[in-house]
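Visitor:
In the UniProt record's numbering, the protein residues as written are 1 to 1244.
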């Protein structure tokens, strides 16, 4: 028979044997692949119990006869080339090579897989084990066909993350089969929420993929179970691992005994007997024997000598020994030793959650003892958080750890962190089991109460039951009000339950609560003390507390005795002394405890007592010392708040801010109250931008009107978007009954932002013609509906609260009594009152800031927009001016308090840096700083552009003029310049006392008065360009000077160093330039030449602005040799040629200056008549003369007590004639007739 035919027959025979075996032995379906052989002979389909195919397939390569294989130890080697390898490794189905031995009818198999493959030169091979017959294929083939293997491999890395670190390390061992490691990881990861059930299934079925050399899968399962507290299953897994453990069998049986000892002491003893003869279990066996030696329920500590002897020199490097010694030290109530061994165990296994929790427990307990160390609570919280995070990752038990962590964090005042851990999503991170645990729910209730969140308290309380424990939790927090007898009964019931459950912690708490009510229940602790559930002496402190309630003196004696050894007793002694009305003794006792126990808690207690009962200086020192040592966040907050309070009372807002900022930075998240205190300090130290950043970063809740006001003040300094606008509307709705707050919020919204226009909103259509050009508007854009809602709320507010009004400033004030007349501000003053007020300002009888008060605007805005049109900056009297120059000279090189008027002037001087550099530091009063920022905000939002107050001959009074686009830009630029200078100044708050006596509160709200107060409290001069303010300052004992005075000091300094004519000319030119620039800024009473006056008039467009103000000043009339000649020969002709319509206005300015230069009403009346009859032409028309007299009479009426200029018209006729200016008698008579007729008509 030909060779190929014979081979084909052999292959057919082998295929038939395989098909029968699959059908008969496995109950599955084989389908031969009859098409072109691509290295796959057929497919095996897994069938269900009824023989129906499941669609899960295995690809098979069938080789019949030993010629395809080479005999090796334990089986046969099968070789294949690179081509076959790529085919099989890349196949969509798992591929099995099947060896059919016709000599024995045996069928053997192996999977083609990288985990069993080896490279042999240019070929590859796998070993077909002789024990791996087809009868063993059911489980692994079913597993391979299910896709579990593929998923296990794909998810291997992610599955490892779901397992405890020791288990993970076993599964990362590269010496083990990767597929097997992936399968074990998959099953353990998927079974982590039911560890006992998962382990029991594996132990009962013992799948093939759990079999491996060194039994590492069973060791992994044992570790997995012990970490999940499934100790019986862990022990069983260790027993299986010991079956093929070789020389490790003894240690594995000992591990099984150790894990079962807590639940089955008899079985632990049996396993220990098995382990001893096997060897290698000396240390673990000694540990188990030490545990079993002590009868169950006996609190006696374990013996350690045998364990130490077994461990020998390796005791310190053996984690099992260190855990044992830790537990034994805790039994012995030896915290220092327990801490030492626990730290060693953690160092040996840094990622072991059990080691973390033991160190954390010891730190938490030690923090309440005399052995407390700095950072104990912080370290406990850190380790417990790490342990909880880890256990949550692999679904381990967390509730006990969470309870301890919650208590530690609440001691530290971190209520928000507790709530985040104990509440379910979206409020927190707790899983369902954690959120439903009654112990954790009670702790969450305590944290919610501590955080001040009443809504959350109510929500948690609603989920609580009527159990004794839940009622106790509510009673402790004051959420359950009971008569004292019922409260005592409830605590007694709680104590009884704790005793029955051997819950020492709960029993102690109940005993202390009863003691606080004067009930001594300490006898009920005896049984727990004898049983070892509580350490000896636990009953002494509650007994002393109960005694104090009945007998103060005896109770204090007992507390003093205990306080030398028990920190809790020392703290109770301090509180008892305070309650007994002996604060000095309490302060001394807290200081003694701090020294004795070296605990920050007593430093904190001492500092708080000193703050309450001692002087601020002593309190400041004590608080600072405590803050340096204290690490508990809540206590740090309280200490910092008290320190900031002391600083605030001293008006040291910079220190208050730095103190609070450090505490806020230390907390995540910081308490809302502390954040608001920080915002308040930042606002009071001139840090509006910092305050806004603080609010934006921490988003503190707004619960009161004060906090809403702080929010508004801080956020007004930043550009608003939709989110901020919506928040403002929310606050306006929440505090709808607070009219001033709501008005500020909503008016800022509608003025500081622009609303978008809805496409279909015809009311705001852009298609409507706009007769006026829009000013530049770079305000941020928000949704239009937010503007509409704001206007609706403003309308509702107006309906509810009406239009608030105030009183007016009615009379002139001298520097001595000026402030007493600043009584109120008005919304819409009438023009006559404004005229009179402006006249008083022009006479330097009132500061220019009085007009700002009257029109309800910021002082800065009033100055920038020339609302009063001038700054009476320079003293006319030589002696007064010289005194100011002297004051300026003495201020050189020293700090000076600066008024906003000076910031305005300096902002426009070319030589500003040189002038301002004469002083060491510019200091701005905090109210002035706020005023500048307010004006800057108004300028940016166009809200401050209310026009300008100016002269009008037609109206006969001061008039508000609306401004155009150019003016808007002018206001913005000037205000920005003032703001830039203000930001270069140091900020000082106004102190608690004022030079203005009873009016100190009001003075702190007025920028120019605040400047005087700050100068007085700092002992510094005032740099101000308002003569009235300077006079007021000098009346209060504060030296003051103007920019012109400081410019003269600079001039003199420069002249001293000038040596050449050119250098001297340069100094003179620079001074003249400064004078011109001051004049252009409406600074008056400057020594102007005729040319400077005319140049300024031309620069003003021949409108009587800055140059017109010079005419209005009495000083100008006093300095000029021939003022009338200048008017008639130079000024009026120039105006007539350039802007004749302005001639009446220039005449009015001249009349006002001439009147002010006179002393008596008769002289003033005559001056008005003279200028009116003079007119503005050499030969004026009758109409022009009539208009001039109308202006004269209007000014006389406005100034008061001047009389009618018409009465002295004949005298004016004579005065003009004497000076060569003739007016015919006929003109005079006609003029009198016209004016009398007008007067008569007006009288009718």
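Glycine included, every Cβ here is placed at the ideal spot set by N, Cα and C.
#1: For the beta strand (DSSP E) holding residue 69, just list the boundary residues, first then last.
#2: Using the rule of at least 16 other Cβ atoms within 10 Å of the residue's Cβ for burial, across every protein chain shown, is residue 568 buried or exposed?
#3: What are the start and end residues of the alpha helix (DSSP H) that includes residue 664?
#4: If the criterion is Cβ atoms closer than 8 Å, does the pair residue 171 and residue 181 meet it?
#5: Below 8 Å, how does it come out for the stretch 192-211 and the stretch 225-236: are there three or more Cβ pairs, yes or no?
#6: Our contact map puts residue 383 next to residue 418 with C-beta atoms below 8 Å; I'd like the distance itself, whole angstroms only.
#7: Per DSSP, what are the beta-bridge partners of residue 322 in this structure?
#8: Distance check for residue 440 and residue 238, CA to CA, integer angstroms please.
#9: For residue 647, which residues from the same chain have a beta carbon less than 6 Å from its beta carbon, with the 5 sequence-adjacent residues on both sides left out?
#10: Residue 153 and residue 98 look like a contact to me (Cβ under 8 Å); what is the Cβ gap, rounded to whole Å?
#11: Is residue 18 a contact residue of the ligand ZN, with contact defined as CB to any heavy atom under 7 Å?
#12: Can you tell me whether residue 571 is buried or exposed, with buried defined as 16 or more other CB within 10 angstroms of its CB?
#13: Based on the DSSP output, what are the partners of residue 133 in its beta bridges?
#14: What does DSSP give as the partner residues of residue 896 in its beta bridges?
#15: If you count every other CB in all the chains shown that lies within 10 Å of the CB of residue 1151, and 16 or more means buried, which is it?
#16: What are the start and end residues of the beta strand (DSSP E) that includes residue 512?
#17: What's the call for residue 1140, buried or exposed, on a 16-neighbour Cβ count within 10 Å?
#18: Measure the alpha-carbon distance for residue 898 versus residue 970 and round it to whole angstroms.
#19: To the nearest angstrom, report how far apart residue 204 and residue 241 are at their CA atoms.
#20: Apart from the five residues on each side of it in sequence, which residues of its chain come closer than 6 Å, Cβ to Cβ, to residue 165?
#21: Would you tell me roughly how many angstroms separate the C-alpha atoms of residue 1022 and residue 1033, rounded to the nearest one?
#22: Per the DSSP calculation, residue 43 is bridged to which residue(s)?
#23: Using alpha carbons as the reference points, say which of 420, 414, 399 and 464 lies closest to residue 434.
#24: Which two residues bound the contiguous beta strand (DSSP E) that contains residue 204?
#25: Might you give, ordered along the chain, the residues of its own chain that have their beta carbon closer than 6 Å to the beta carbon of residue 922, omitting 5 neighbours on each side?
#26: Between which two residues does the beta strand (DSSP E) harbouring residue 252 extend?
#27: How should residue 1225 be labelled, buried or exposed, when 16 other C-beta atoms within 10 angstroms of its C-beta is the threshold for buried?
#28: Going by Cα to Cα distance, which pick from 755, 756 and 707 is closest to residue 732?
#29: Looking at residue 422 and residue 462, is the spacing between their C-beta atoms short of 8 Å?
#30: Throw me the rounded Cβ distance for the residue 546 and residue 504 pair, which I believe falls under 8 Å.
#31: Nearest to residue 1103 by alpha carbon, out of 319, 1143, 1089 and 1072?
#32: Taking only runs of the beta strand (DSSP E) that begin and end inside the stretch 1026-1061, which ones reach a length of at least 3 residues, in chain order?
#33: Can you find the residues in the same chain that come closer than 7 Å, C-beta to C-beta, to residue 379, ignoring five residues on each side of it along the sequence?
#34: Whole angstroms are fine: how far does the CA of residue 56 sit from the CA of residue 121?
#35: Can you name the residues that DSSP bridges to residue 75?
#36: Compare the C-alpha of residue 1277 against each of 612, 565 and 600 and name the closest.
Guide: Let me spell this out:
#1: As a working note, residue 69 is residue 69 in the chain shown. Element bounds for residue 69: 69-72.
#2: Stepping through the chain shown from its first residue, residue 568 is reached at position 568. Residue 568 comes out exposed.
#3: Counting from one through the chain shown, the residue named residue 664 turns up at place 664. Taken as a continuous stretch (DSSP letters only), the alpha helix (DSSP H) holding residue 664 covers 653-666.
#4: Counting from one through the chain shown, the residue named residue 171 turns up at place 171. Counting from one through the chain shown, the residue named residue 181 turns up at place 181. In this structure, residue 171 lies near residue 181, with their beta-carbon atoms less than 8 Å apart.
#5: The count of Cβ pairs closer than 8 Å, one atom from the stretch 192-211 and one from the stretch 225-236, reaches three, so the stretches are in contact.
#6: Mapped onto the chain shown, residue 383 falls at position 383. Mapped onto the chain shown, residue 418 falls at position 418. Their Cβ separation, rounded to whole angstroms, is 16 Å, which puts residue 383 and residue 418 out of contact at 8 Å.
#7: To locate residue 322, count along the chain shown from 1; it is residue 322. Checking the DSSP bridge columns, you'll see residue 322 has no partner listed.
#8: What you label residue 238 is simply residue 238 of the chain shown in a count that begins at 1. What you label residue 440 is simply residue 440 of the chain shown in a count that begins at 1. When rounded, the separation of the alpha-carbon atoms in residue 238 and residue 440 is 34 Å.
#9: In the chain shown, counting from the first residue as 1, residue 647 sits at position 647. Setting aside the 5 residues that flank it on each side, residue 647 is surrounded in the same chain by 655 and 656, each with a C-beta closer than 6 Å to its C-beta; the list follows chain order.
#10: Residue mapping note: residue 153 aligns to position 153 of the chain shown, counting from 1. Residue mapping note: residue 98 aligns to position 98 of the chain shown, counting from 1. Incorrect: roughly 23 Å between the Cβ atoms, too far for contact.
#11: The model on display carries no ligand, and the ligand ZN is accordingly not part of it.
#12: Residue 571 sits at position 571 when you count from the first residue of the chain shown. Residue 571 should be labelled buried.
#13: Along the chain shown, read from residue 1 onward, the residue named residue 133 stands at position 133. In the DSSP assignment, residue 133 forms a beta bridge with 108.
#14: In the chain shown, the residue the question calls residue 896 occupies position 896. Per DSSP, the beta-bridge partners of residue 896 are 922.
#15: Taking the chain shown and counting its residues from 1, one reaches residue 1151 at position 1151. Buried, because 16 or more other Cβ atoms sit within 10 Å of the Cβ of residue 1151.
#16: As a first step, residue 512 must be located in the chain shown, where it is residue number 512. First-last for residue 512: 504-516, but that is the alpha helix (DSSP H), not the beta strand (DSSP E).
#17: For the purposes of this step, residue 1140 is taken as residue 1140 along the chain shown, with counting starting at 1. Around the beta carbon of residue 1140, a 10 Å sphere encloses fewer than 16 other beta carbons of the protein chains shown; the residue is thus reported as exposed.
#18: One-based indexing of the chain shown puts residue 898 at position 898. One-based indexing of the chain shown puts residue 970 at position 970. Spanning the two alpha carbons is a distance of roughly 23 Å.
#19: Numbered from its first residue, the chain shown carries residue 204 at position 204. Numbered from its first residue, the chain shown carries residue 241 at position 241. C-alpha of residue 204 to C-alpha of residue 241: approximately 14 Å in a straight line.
#20: By one-based count along the chain shown, residue 165 stands at place 165. The residues are 351.
#21: Within the chain shown, numbered from 1, the residue matching residue 1022 stands at position 1022. Within the chain shown, numbered from 1, the residue matching residue 1033 stands at position 1033. So the two alpha carbons sit approximately 8 Å from each other.
#22: On the chain shown, position 43 is the one that residue 43 refers to. According to the DSSP secondary-structure assignment, residue 43 is paired through a beta bridge with 31 and 59.
#23: The residue labelled residue 434 in the question sits at position 434 within the chain shown. The shortest Cα separation from residue 434 among 420, 414, 399 and 464 belongs to 399.
#24: The residue given as residue 204 occupies position 204 in the chain shown. Where residue 204 is concerned, there is no enclosing beta strand (DSSP E), although the alpha helix (DSSP H) it sits in stretches over 195-205.
#25: Your numbering for residue 922 matches position 922 in the chain shown. The beta carbon of residue 922 sits closer than 6 Å to those of 898 and 985, all from its chain and outside the five residues before and after it, given in chain order.
#26: Position 252 of the chain shown, counted from the start, is the residue given in the question as residue 252. No beta strand (DSSP E) contains residue 252, which is instead part of the alpha helix (DSSP H) from 249-260.
#27: On the chain shown, residue 1225 is found 1225 positions in, with the first residue counted as 1. The residue is exposed, with fewer than 16 neighbouring Cβ atoms inside 10 Å.
#28: One-based indexing of the chain shown puts residue 732 at position 732. 707 is the residue among 755, 756 and 707 whose C-alpha sits nearest the C-alpha of residue 732.
#29: Position 462 of the chain shown holds residue 462. Position 422 of the chain shown holds residue 422. No; because the gap between Cβ atoms is not below 8 Å, this pair is not in contact.
#30: Indexing the chain shown from 1 puts residue 546 at position 546. Indexing the chain shown from 1 puts residue 504 at position 504. Rounded, the Cβ-Cβ distance is 19 Å, inconsistent with contact.
#31: By one-based count along the chain shown, residue 1103 stands at place 1103. Restricting attention to 319, 1143, 1089 and 1072, the CA atom closest to the CA of residue 1103 is found in 1143.
#32: Listed in chain order, nothing qualifies, since the stretch 1026-1061 has no complete beta strand (DSSP E) run of 3 or more residues.
#33: The count along the chain shown starts at 1 and reaches residue 379 at position 379. Excluding residues up to 5 positions away in sequence, 363 lie with their Cβ nearer than 7 Å to the Cβ of residue 379 in the same chain.
#34: For the purposes of this step, residue 121 is identified with residue 121 of the chain shown, where counting begins at 1. For the purposes of this step, residue 56 is identified with residue 56 of the chain shown, where counting begins at 1. Using only the alpha carbons, I get a separation of about 35 Å.
#35: In the chain shown, counting from the first residue as 1, residue 75 sits at position 75. In DSSP, residue 75 forms a bridge with 72 and 129.
#36: Absent from the model: residue 1277. The displayed extent of the chain is 1 to 1244, so no value can be given.
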